[in-house]
Structures are given as structure tokens and as C-alpha cells.
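J.: Take a look at the following structure, please.
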Amino acid sequence: MPTRILLLSADFGSGHLAAATAIAAACRSLSADCEAVVVQCRSPLLGLVGRAYLWQIRHTPALYRQLYRLPPGRPLRRLVIRVLSGPVRRALQQYNPDVVVGTHPFPAGAALHLLNRSWPKRVPVVMALTDFAPHGFWIWPGVARYFTASEQAARELVRRGADAAAVRATGIPVRMALAADGTGADRTAGPTAGSSSSGVRRVLVIGGGLGLGPIAAAVDALLSLPRPDLRVTVICGRNEALLDQIRRRHGSDARLTALGFTDQVLDHMREADLLVTKPGGITCAEA
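Numbered per numbering that gives the first Met the number 0, the sequence shown spans residues 0 to 286.
This is the structure we're talking about:
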């Protein structure tokens with residue numbers, strides 16, 4: 000019998016889905032007897048929560064920082080279970096997993112509740128954290144393993160209340176193409192091959208899949224430099240308003256390449272001498 004692994008993500012930016020996809024690909028490559036399936040959990044109310052989350056990050060970042068520091072609590076867990084029990088239950092019934100891995104804490108927490116309450120077999124739930132600085136929402140009673148970005152993140156998770164015996168520092172999961180590309184080479188030794196061959200310095204500016212952060216201001220600052228050898232590539236993700244804004248401001252500057260959502264991020268990273276980005280775990284880990 001194959002081992003069935005169900006990876007649960009949620010639509011809060013593209014990083015959680017990217018991590019789940021990377022884990023699934025790695026599992027399949029390790030064993031032909033592994034069936035790894037990725038499910039992006041959605042519900043109308045979760046979509047509303049997601050839009051409120053993005054609004055909060057953009058307009059009230061101080062409040063977001065306070066929420067980030069909150070300890071895990073029953074009211075939030077009850078809300079998560081209420082919102083996500085339906086889609087998570089359907090995924091569990093459809094795939095009948097042997098292991099559940101969550102790259103977002105909400106669907107994984109809902110799965111943990113359902114599995115402990117009425118499931119006919121024991122199914123461990125694992126949290127694969129996508130943050131360098133873990134918050135308390137990742138912590139749920141009964142999680143079999145927490146995989147964190149670093150030893151420091153592991154200590155912080157334990158300080159917040161996670162069972163120390165369940166915490167392992169493994170790094171953030173990234174695409175297997177990075178390992179095949181020789182990740183780990185010393186990028187501080189000098190300019191990239193593409194830069195040195197053309198006499199330019201390349202800066203990559205990314206705001207994640209949703210184009211978050213002061214991306215336009217970063218592009219403004221870079222293009223204000225009197226550097227004809229500078230080349231700036233900005234990836235705005237699905238933030239079309241940001242892309243239009245940058246193109247209106249700097250469309251005539253030949254040093255700029257402005258892009259929307261693309262699946263060629265790794266290629267742009269390989270060519271860049273410097274990455275400017277928000278503190279997203281997946282992008283920083285891939286770089």
C-alpha cells in the first residue's frame with residue numbers, strides 16, 4: 000500500500016502553496032510508493048478573512064504586529080474550525096491520508112480537530128512552518144511535529160508554548176530545482192556571471208505573489224541613483240495596480256523591467272546581484 004500524504008495550504012499569499020508543492024515533489028522523488036497531494040483550502044469566509052489580512056498589512060501594520068505576537072487561544076481555534084471544517088473534511092474523505100502536512104496553520108488545525116474527534120484511524124498532523132519568525136497561530140495541541148526554519152525559530156516556537164519534543168529545525172521547504180542548481184554557492188564573492196559578462200549590476204525587487212510592501216518606493220530609490228550600469232527588475236505578482244503605478248512612473252527608463260506574476264522567479268534570482276524583498280519566508284529561503 001502506498002503512503003498517502005495530504006498537504007494542506009490556504010490562500011494567504013503564494014508562499015504557503017509553494018512550500019506544499021515543494022514538499023509533495025520531494026516526497027514523490029524519495030519513494031515511488033508515496034502519493035502526495037496538495038489541497039488549497041478555500042471558503043467564502045476564509046476569503047473575507049484573507050482580504051482583511053491584506054488590508055491590515057497595507058494600512059495598519061502596527062495592529063498586525065500586535066496580532067502576530069498574540070498567544071494561541073481557543074476563540075481563534077474555534078473560528079478556524081468553524082470556517083474550514085467543511086473543505087478540510089472533504090479533502091480528508093477524498094484522499095484518506097496516512098499523514099497530514101500543513102504549510103498554513105489554519106487548515107492543518109482544522110484537520111487536527113476533525114481527525115481527533117471522529118476519524119477511524121490515527122493520522123499524525125505535521126506543521127511545516129513557512130516563517131522565519133513563528134507566531135502562535137502555528138501552535139495546536141496534538142501536533143506530531145513542527146518543522147521550523149532555524150534553531151532560533153525552534154526556540155521561539157517552544158517559548159510560545161509548543162511541545163519541545165515535537166519541534167525540529169529543518170529549514171523552510173523550497174523547490175527541488177534549487178538543490179539541482181547548486182544552492183549554497185557563495186553569492187557574496189562577487190558579481191554574478193550574467194552581470195560580469197555585460198558590465199551591469201542587476202537588482203531584483205520582489206513583493207511576493209501579492210506584491211506587498213513598499214515596492215514602488217524601493218524602485219523609486221534605485222532608479223534615482225546615477226548608475227547607468229544598473230538594471231532593476233521588479234516583480235509585482237498579482238498586484239496589477241502596483242505594476243501600472245511603476246510603469247507610469249518609470250516606463251521610459253531603459254534600466255527597468257517591470258513584470259506581473261511570473262513562474263520564472265528562480266531565473267531572475269540567478270541573474271541578480273542583489274535581492275530587495277519583503278520578509279517572506281519562501282522568497283528569502285529560495286534566495
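The beta carbon of each residue, even a glycine, is placed where N, CA and C say it ideally should be.
Remember, it's a predicted structure, so these values are computed and weren't measured experimentally.
Relative to the C-alpha of Arg248, which residue among Leu222, Leu265, Arg77, Cys40 is closest?
T.: The option with the nearest alpha carbon to Arg248 is Leu222.
J.: Around the C-beta of Arg174, are 16 or more other C-beta atoms found within 10 angstroms, so that it is buried, or is it exposed?
T.: Buried.
J.: Go to Ile205, then tell me how far its beta strand (DSSP E) extends in each direction, as first and last residue.
T.: Counting along the chain, the beta strand (DSSP E) containing Ile205 begins and ends at 200-205.
J.: Suppose you measure from the CA of Ile80 to the CA of Arg159; what does that come to, to the nearest Å?
T.: Ile80 and Arg159: Cα-Cα distance of roughly 21 Å.
J.: Could you check which residue in Cys235, Gln151, Tyr145 has the C-alpha nearest to that of Asp162?
T.: Comparing Cα positions, the closest option is Tyr145.
J.: With DSSP as the reference, identify every bridge partner of Ile138, one or two as the case may be.
T.: Answer is none; Ile138 lacks a bridge partner.
J.: Enumerate in chain order the residues of its own chain whose CB-to-CB distance from Ala287 is below 6 Å, with the five nearest sequence positions on each side excluded.
T.: This structure cannot speak to residue 287, because the chain is shown only from 0 to 286.
J.: Which parts of the segment 74-128 are runs of the beta strand (DSSP E), unbroken and 3 residues or longer, counting only runs that do not cross its ends?
T.: Taking only runs of at least 3 residues, the beta strand (DSSP E) segments lying wholly in the segment 74-128 are 98-101, 124-127.
J.: Taking the straight line between their C-alpha atoms, what separation do you get for Leu156 and Pro133?
T.: Cα to Cα, Leu156 sits roughly 6 Å from Pro133.
J.: Specify whether the segment 96-106 and the segment 0-15 touch according to this definition: at least 3 beta carbon pairs, one from each stretch, less than 8 Å apart.
T.: Yes, they touch.
J.: By the three-class DSSP mapping on this structure, what secondary structure does Arg41 have?
T.: Coil.
J.: Run the CB neighbour count on Leu62, radius 10 Å, all protein chains shown included, and call it buried at 16 or more, exposed below.
T.: The residue is exposed, with fewer than 16 neighbouring Cβ atoms inside 10 Å.
J.: Let me know the secondary structure DSSP gives Ala35 once reduced to three states.
T.: Note: Ala35 maps to strand in three-state DSSP.
J.: How big is the Cα-Cα spacing for Phe259 and Val36?
T.: Here residue 259 is Gly; the residue named in the question, Phe, does not match the sequence. Taking the straight line from one Cα to the other gives about 28 Å.
J.: Whose CA, out of Ala148, Val142, Gln151, Ala23, lies closest to the CA of Arg121?
T.: The candidate whose alpha carbon is nearest that of Arg121 is Val142.
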